[in-house]
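full-length UniProt numbering numbers the first residue of the sequence shown as 1 and each following residue consecutively. Just so it is clear, CB atoms sit at the ideal spot from N, CA and C, and this is done for glycine as well. Only a predicted model underlies this, so the values are computations on that prediction, with no experimental measurement involved. See structure below.
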Amino acid sequence: MPSRDLSQLDLFTGAPSEPAPRRSRRAEPLGPASVPDEVRALGERLPQGIYLGTSSWAFPGWAGIVYGRDAAQATLAREGLSAYARHPILRTVGVDRTFYGPISAITFSEYAAQVPAPFRFLVKAHEVCTLARYPPHERYGVHRGQPNDRFLNASYAADMVVAPFVEGLGDKAGPLVFQFPPQDTRGFGGPARFVERLHAFFAALPKGPLYAVEVRNEELLTEGFAQVLSELGVCPVLSVWRQMPPVVQQALRTRALSSRALVVRWMLPPHLGYEEARARYAPFHHLVDEDTVTREALAGVCAAASRKGLPTFVIINNKAEGSAPRSALKLAGSIDAVLSSQKGDLQG
1 MPSRDLSQLD LFTGAPSEPA PRRSRRAEPL GPASVPDEVR ALGERLPQGI YLGTSSWAFP
61 GWAGIVYGRD AAQATLAREG LSAYARHPIL RTVGVDRTFY GPISAITFSE YAAQVPAPFR
121 FLVKAHEVCT LARYPPHERY GVHRGQPNDR FLNASYAADM VVAPFVEGLG DKAGPLVFQF
181 PPQDTRGFGG PARFVERLHA FFAALPKGPL YAVEVRNEEL LTEGFAQVLS ELGVCPVLSV
241 WRQMPPVVQQ ALRTRALSSR ALVVRWMLPP HLGYEEARAR YAPFHHLVDE DTVTREALAG
301 VCAAASRKGL PTFVIINNKA EGSAPRSALK LAGSIDAVLS SQKGDLQG
């Protein structure tokens, strides 16, 4: 029997129920979208250690996919997380706002209170930890183009990034990702010096959190980089981004399947930049450019991690294929197919 395209089922995108008489649509509680039995069954089959999710949650275009009715972005930012976390496939979410500035333990605790116990958050560390020099962008004000004295500053990271993350999220904390944007690596002494500074940085941070590192310069994927992360128990992040090598190559070069967890961020297709993808895919309701090559590669890596008992986190951006929750559903189906096939081979 041919496989069913779960991401396009009518029930999955069913219209929201009618509001009660004399209640405005705006006053209607924001609940999750209806999903068919097939999707719930897929969620039940997917191993509990596999956490699939999206990069943030406040997208009005997800009405009927994640949310049961239309809602403004501001409403989704305030109220959408609890509905998002009730979807049977979405078990994690990326908190991106922390990349642009730290948030308090109180804000983190408010997030944690909205989701069930098994749910996990992937949080991006403040960018000042990972920029050797401020970019020449106007949002950096007087710091534009200047060296950054908080680059790999363990004291700042411990106080402003790690402490509120741990205190606020508690058991619902997933990976804390230090993302190093594309930058001139000469600003921190090149790949060898980067490894030395990375070692000193993580050795000085509080023990316990699941730290992860994402680089966006391929020349930083050295043997020394893999060794340092392994020694310190820090996870490499497999970054699906057009200037990085294919995800399987990254997994091999970073020894990702020997880490404490598998961490993946599926960001962009191979042929588009960020702004191009946003313009092409908004409002992020449909899959526009399906990337089956990446999806099947990720399914294989996730299945391999699951067989080893590794917690597996995959965060998907709307700009990857056009609609992050639909991509998550497709990926869940592919992982399920790989695991089922391998189980059948063992039984045979």
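Could you pull the start and end residues of the alpha helix (DSSP H) that Ser-82 belongs to? Element bounds for Ser-82: 73-84.
Grouping DSSP H, G and I as helix and E and B as strand, with all else coil, what is Ile-103? Residue state, collapsed to three classes: coil.
With respect to the beta strand (DSSP E) encompassing Glu-290, which residues constitute its N-terminal and C-terminal limits? First-last for Glu-290: undefined, no H or E at that position.
Go through its chain and collect everything with a Cβ distance to Asp-291's Cβ below 8 Å, but skip five positions before and after it. Hits under 8 Å: Pro-269, Pro-270, Ala-320 and Glu-321.
With distance defined between alpha-carbon atoms, name the residue in Ala-304, Leu-298 and Phe-201 nearest to residue 349. Nothing about residue 349 can be read from this structure; the chain reaches only from 1 to 348.
Just mark residue 349 as buried or exposed, buried being the case when its beta carbon has 16 or more other beta carbons within 10 Å. This structure cannot settle anything about residue 349, because the visible part of the chain is limited to 1 through 348.
How would you write the range of the alpha helix (DSSP H) that Gln-227 sits in, first residue to last? Taken as a continuous stretch (DSSP letters only), the alpha helix (DSSP H) holding Gln-227 covers 223-232.
Considering only their Cβ atoms, is the gap separating Leu-252 from Ala-305 smaller than 7 Å? No, the Cβ-Cβ distance between Ala-305 and Leu-252 is not below 7 Å.
Is it the case that the Cβ atoms of Leu-257 and Val-247 are separated by a distance below 7 Å? Against a cut-off of 7 Å, the Cβ pair of Val-247 and Leu-257 comes out as no contact.
Classify Arg-139 as helix, strand or coil using the three-state DSSP reduction. Helix, per DSSP.
Evaluate Ile-106 with the Cβ neighbour count: other Cβ atoms within 10 Å of its Cβ, from every protein chain shown; 16 or more gives buried, anything less gives exposed. Using a 10 angstroms sphere on the CB of Ile-106, the tally of other CB atoms stays under 16, which defines it as exposed.
For Pro-283, I'd like the list of residues in its chain whose CB is within less than 8 Å of its CB, leaving aside the five on either flank, ordered along the chain. Contacts found: Phe-59, Pro-60 and Gly-61.
With a threshold of 16 other CB atoms inside 10 Å of the CB of Arg-326, please say whether the residue is buried or exposed. Buried is the call here.
Range covered by the alpha helix (DSSP H) that runs through Ser-155: Bounds of the alpha helix (DSSP H) holding Ser-155 are 154-157.
Looking only at its own chain, which residues have a Cβ that is under 7 Å from the Cβ of Glu-276, when we skip the five neighbours before and after it? Around Glu-276: no qualifying Cβ.
Output the distance between the C-alpha atoms of Ser-104 and Phe-313, rounded to the nearest integer angstrom. Each residue's CA atom was taken as its position, placing Ser-104 and Phe-313 some 24 Å apart.
Assigned secondary structure, Tyr-51 (DSSP; H/G/I helix, E/B strand, else coil): Assigned with DSSP and collapsed to three states, Tyr-51 falls in strand.
Can you name the start and end residues of the alpha helix (DSSP H) that Phe-284 belongs to? Here Phe-284 belongs to no alpha helix (DSSP H), and DSSP marks it neither H nor E.
Measure the alpha-carbon distance for Glu-296 versus Ser-334 and round it to whole angstroms. Near 7 Å, if we compare the C-alpha coordinates of Ser-334 and Glu-296.
Within the continuous beta strand (DSSP E) that includes Leu-90, where are the two ends? In this chain, the beta strand (DSSP E) harbouring Leu-90 covers 90-95.
Minimum C-alpha distance to Arg-197 - residue among Ser-109, Ser-230, Asn-153 and Thr-222: Residue Asn-153 is the option with its Cα nearest to Arg-197.
For Gly-80, count neighbouring C-beta atoms within 10 Å of its own C-beta (all shown protein chains included) and say buried if the count is 16 or more, exposed if not. Counting Cβ neighbours within 10 Å, Gly-80 comes out buried, since at least 16 surround it.
Ser-334 in three-state terms, based on DSSP: Residue state, collapsed to three classes: helix.
How would you call Val-293, buried or exposed, if buried means at least 16 neighbouring beta carbons within 10 angstroms? Label assigned to Val-293: exposed.
Quick one: is Gln-179 buried, meaning 16 or more other Cβ sit within 10 Å of its Cβ, or exposed? So Gln-179 counts as buried.
Please report the straight-line C-alpha distance between Ser-230 and Glu-138, rounded to a whole angstrom. Spanning the two alpha carbons is a distance of roughly 38 Å.
Is it right to say Gln-250 is buried, meaning 16 or more other beta carbons lie within 10 angstroms of its own, or is it exposed? Buried: at least 16 other Cβ atoms inside 10 Å.
Along the chain, where does the beta strand (DSSP E) containing Glu-214 start, and where does it finish? Following the DSSP letters along the chain, one finds Glu-214 inside the beta strand (DSSP E) bounded by residues 210-215.
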